[in-house]
C-alpha cells in the first residue's frame, strides 16, 4: 500500500510539473504570435485607412459637384487634380483614381480600356453598389503586368449610379510581414483573405497561392483547422511536426497568422518526461517482481483486464459524444469523416445517387459582435432547426462555427431541387421579418452539388458545393448588404 501511494505521488508530481512546463512554453509561444499578428493587423488597418480616407474625400467633393450640376468636364478635371494628391497620400502605392461618373468612364491611371470593357460588370463597381454608404474593399488580385498584389477601394456617389475607385498596392503589407518575421521567433508569418488566398507571406514564393485549393500541404492543413475553430490560437500537426498557430482578424475578413514549429521544444520536454517515467517504473517493476508471488500476479492480471475493459467502455462512450455536435445536436465533423468512408464505398459499389449541400450561416459574426455570443448560439440553433426540418430524411453535420453539411440520398435526393427551393424560400421569409430581433431572422447561404463521373470521395462533391455556396453568399450580400445599425435597436 505504501509503495502504491509513493508511485501515485511521484507520477502525479512529475505529470503536474511536465504539464505546467509545457503549458508555460506554449503560452510564451502564443503570446509571441499574438504580438506579431496584432501588430500586423493594426498596420494593415492603418494602411488601408489612408486609401479609404482618400476615397471618402474625393467622393465628398464629387458629390457636391454633382448636386450643384457642374459639367462632366469640370468633374473630370477635379478627378485628375485630386489623383495627384491621392498618389502622394498613399506614398505612391496607387496609380490614381478612376470610375464611372454619370455615363462616362474616367481614369487617371494611364490604362486604356478595350472596346469590350463594361464598368458595370467590374468587381469594384458591383461591390460599391452592394455597399452603398461605405467604402467597399474588393478581394485582392495579382496585377498581370507588375506581379504585385492589389486591392480595389470603391464607393457609390450621391446619384446612386456613379462610382469612384482606386487600386492600392499591398506590397507594403509584404514588407511588414517580412519585417515581423525577421525579428520574431516564429517560422511563418502570413496574411490571407476570406477565400484563403495568400496576400503576404514571409516566403515570397507563397504569395498568390490559394491554400484551400491545395492538397496535402501545410497551407491546406492550416486552412482546414481555421475553418473548424474560432479560437485565436490552436495546435496543428503536419508530417510529424507540431505547430502552434495564432490568428488575428484584420481589414475585410482578412487574417494575420503566426506559425511556430514547436516540435523540437515540446518534443524534447516530452522525451525527458517519458525517460523519467520509464526509469521510475523500471525500478518499481523490479521491486514488484521480487515482492509478489505468482498468486498475486494472477490477481493483478485479472485487475488489469478489468481496467482495460472499463477503459474500452469509456472510450466507446466518448466516441459517441465525439460524433455529436454539443450545441445543435446534429452530427459533428468527426461524424462526417466517418460517413465519408461510407460514401466512398457507395461510389465503388455503383450507388451514385448522392448530393451534398454546403451551408454557411449569414451575419453570424455581426450577431456575435453586436448582440453577444449567447444570441449567436441561439441564431446557430435556429438556422440548424430550419435545415433539419427541411431535410428530414438526411444526416446534417455541423463542421465549423457557421458551416453545415447535409448528405442527400434516397427520398431527399429524389426531391433535392424542391427541398432546396423550400429551404431558401423559408429562409427568405424569416430574414425579411424585420419586426424580429436579428438573431431570430435566420439566413443561410446554400450550395448544392450532385455526384458526377470522376468523383471518388465525398470531398470531391463537397468542394463543388462549397463553391456554389460562396456564389449564393455573394448574391445574398449584393441583395441585402449588411445589417444597418438602426435595425439592431428595433
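Numbering (this note's numbering), first residue to last: 1 to 490. Beta carbons: idealized from backbone N, C-alpha and C, even for Gly. Computed from a predicted model, the values in this text were never measured in an experiment.
Task: 7 Å Cβ shell around residue 318 - same chain, five flanking residues per side excluded - done: Below a pLDDT of 50, predicted positions are generally treated as unreliable, and residue 318, at 42, falls in that range; the measurement from the model is reported next regardless. Around residue 318: no qualifying Cβ.
Open item on the list: Going by beta-carbon coordinates alone, are residue 384 and residue 434 separated by less than 8 Å?
Closed with: no
- [ ] Tell me, please, which residues DSSP counts as bridged to residue 156.
- [x] 163
Open item on the list: Taking the beta strand (DSSP E) that residue 466 belongs to, which residues open and close that run?
Closed with: Careful: residue 466 lies outside any beta strand (DSSP E), inside the alpha helix (DSSP H) at 458–480.
Open item on the list: I want to see whether chain B comes within less than 8 Å of residue 233, judged by CB atoms only; does it?
Closed with: Here there is only one protein chain, and chain B is not present.
Open item on the list: Let me confirm a value: residue 359 is counted as buried when at least 16 other C-beta atoms fall within 10 Å, else exposed. Which label applies?
Closed with: buried
Task: Length of the line joining the Cα atoms of residue 174 and residue 11 - done: 49 Å
Task: residue 201 to residue 449 span [Cα, whole Å] - done: 33 Å
Open item on the list: Short of 7 Å in beta carbon distance, which residues of its chain neighbour residue 481, apart from the five on each side in sequence? Order them along the chain.
Closed with: 130 and 131
Task: the segment 192–210 touching the segment 93–111, judged by at least three CB pairs closer than 8 Å - done: no
TODO: Using 10 angstroms around the beta-carbon of residue 122, count the other beta-carbons present and answer buried if the total reaches 16, otherwise exposed.
DONE: buried
Open item on the list: Given this structure, state the Cα-to-Cα distance separating residue 441 from residue 371, to the nearest angstrom.
Closed with: 13 Å
TODO: Please indicate yes or no: does the CB of residue 60 lie closer than 7 Å to some heavy atom of the ligand PLP?
DONE: For the structure depicted, the ligand PLP is absent and the ligand set is empty, with no information on it obtainable.
Task: Where residue 113 sits in the DSSP three-state scheme - done: coil
TODO: Have a look at the DSSP bridge pairing and note the partners of residue 101.
DONE: 104
Open item on the list: I need the DSSP call for residue 11, collapsed to helix, strand or coil.
Closed with: helix
Open item on the list: Rounding to the nearest angstrom, what Cα-Cα distance links residue 266 and residue 51 in this structure?
Closed with: 44 Å
Task: residue 460 versus 93, 155, 247 and 347, residue with shortest Cα-Cα distance - done: 347
- [ ] Please report the residue range of the alpha helix (DSSP H) in which residue 128 lies.
- [x] 123–130
Task: As assigned by DSSP and simplified to three states, the class of residue 362 - done: coil
Open item on the list: Quick check: the Cα distance between residue 396 and residue 235, rounded to an integer number of angstroms?
Closed with: 27 Å
TODO: Could you check what DSSP says for residue 265 in three-state terms: helix, strand or coil?
DONE: helix
Task: Assigned exposure category for residue 46 - 16 Cβ within 10 Å defines buried - done: exposed
Task: residue 491 burial status per 10 Å Cβ neighbour count (16 or more: buried) - done: Limits of the chain in this structure are 1 at one end and 490 at the other, which puts residue 491 out of reach.
Open item on the list: Closest to residue 207 by C-alpha separation, out of 215, 193 and 334, would be which residue?
Closed with: 193
TODO: Note down the Cα distance separating residue 316 from residue 240, rounded to an integer number of angstroms.
DONE: Confidence at residue 316 is low in this model, with a pLDDT of 45, below 50, so its placement is unreliable and the value that follows should be read with caution. Distance between the alpha carbons of residue 316 and residue 240: 27 Å.
Task: Limits of the unbroken beta strand (DSSP E) element including residue 201 - done: 198–201
- [ ] Verify whether the separation of the beta carbon atoms of residue 152 and residue 124 is less than 8 Å.
- [x] yes
Open item on the list: Is the beta carbon of residue 73 closer than 8 Å to that of residue 65?
Closed with: no
Open item on the list: Per the DSSP calculation, residue 444 is bridged to which residue(s)?
Closed with: 361
TODO: Kindly list the residues whose CB is nearer than 8 Å to the CB of residue 210, restricted to its own chain and excluding five residues on each side of it in sequence; keep chain order.
DONE: 195, 196, 197 and 198
Open item on the list: Check this for me: beta carbons of residue 169 and residue 163, under 8 Å apart or not?
Closed with: no
Task: Minimum C-alpha distance to residue 218 - residue among 179, 232 and 261 - done: 261
Task: Contacting residues, own chain, Cβ-Cβ under 7 Å from residue 140 (five flanking each side not counted) - done: 149, 150, 151, 170, 193, 197 and 199
Task: Cβ pair residue 379, residue 357 closer than 8 Å - done: no
- [ ] May I ask which residues mark the beginning and end of the beta strand (DSSP E) holding residue 250?
- [x] 241–250
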